[in-house]
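In what follows, a single structure is set out as structure tokens and then discussed.
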Ligand SMILES: Cc1cc2nc3c(=O)[nH]c(=O)nc-3n(C[C@H](O)[C@H](O)[C@H](O)COP(=O)(O)O)c2cc1C
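In my numbering, the protein residues as written are -19 to 98.
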């Protein structure tokens, strides 16, 4: 199965249901750049949670961003409201060790650490 992880560009229409601040919907509607950045961040994070949950259930996940996003949007989201972020191919692995994990950077290579000034 292939999941299309996508953002609802008008997610803020749900704010009265999802969020306590009464002006949240209008605030995003007035600020399209903020709305876009928020939609991208939250859809991507939600896709990451999907990967973690699927792996917890024993599924293998193959996330992909190397695809024709405009073509996917035309085919699946033709009204323009939703936009694809990335794809996740899900399935049961033929064997748990069928493919070795890719290299991971060490913490010191992948992060910056700043001590507070005293
Ligand atoms: C958001 C995202 C997009 C990715 N897009 C691609 C892709 O387009 N093509 C590809 O070969 N690997 C892509 N990868 C990497 C692979 O799906 C896979 O995660 C990587 O090979 C590491 O595999 P491992 O977790 O089994 O070590 C992507 C990974 C992520 C998280």
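Where is the CB? At the ideal position from N, CA and C, for every residue including glycine.
*Is the CB-CB distance between residue 23 and residue -8 below 8 Å?*
no
*Opening and closing residue of the beta strand (DSSP E) in which residue 70 lies*: 62 to 71
*Under the three-state reduction of DSSP, which class applies to residue 27: helix, strand or coil?*
helix
*In three-state DSSP terms, what is residue 96?*
coil
*With residue -14 and residue 93 assumed to form a contact (beta carbons below 8 Å), what rounded beta-carbon distance in angstroms separates them?*
That pair is no contact at about 35 Å.
*Count the other C-beta atoms from every protein chain shown that fall within 10 angstroms of the C-beta of residue 54, then say buried if there are 16 or more, exposed otherwise.*
exposed
*C-beta contact flag for residue 32 and residue 66 at 8 Å*: no
*asked:* ligand 1 and residue 99: does any heavy atom of the ligand fall closer than 7 Å to the residue's C-beta?
replied: Missing from the structure shown is residue 99; the chain here goes from -19 to 98 and no further.
*Below 6 Å CB to CB, which residues in the same chain sit around residue 8 once its five sequence neighbours on both sides are set aside?*
-8, 15
*asked:* So for residue 40, helix, strand or coil by DSSP?
replied: strand
*Tell me the DSSP bridge mates of residue -13?*
63
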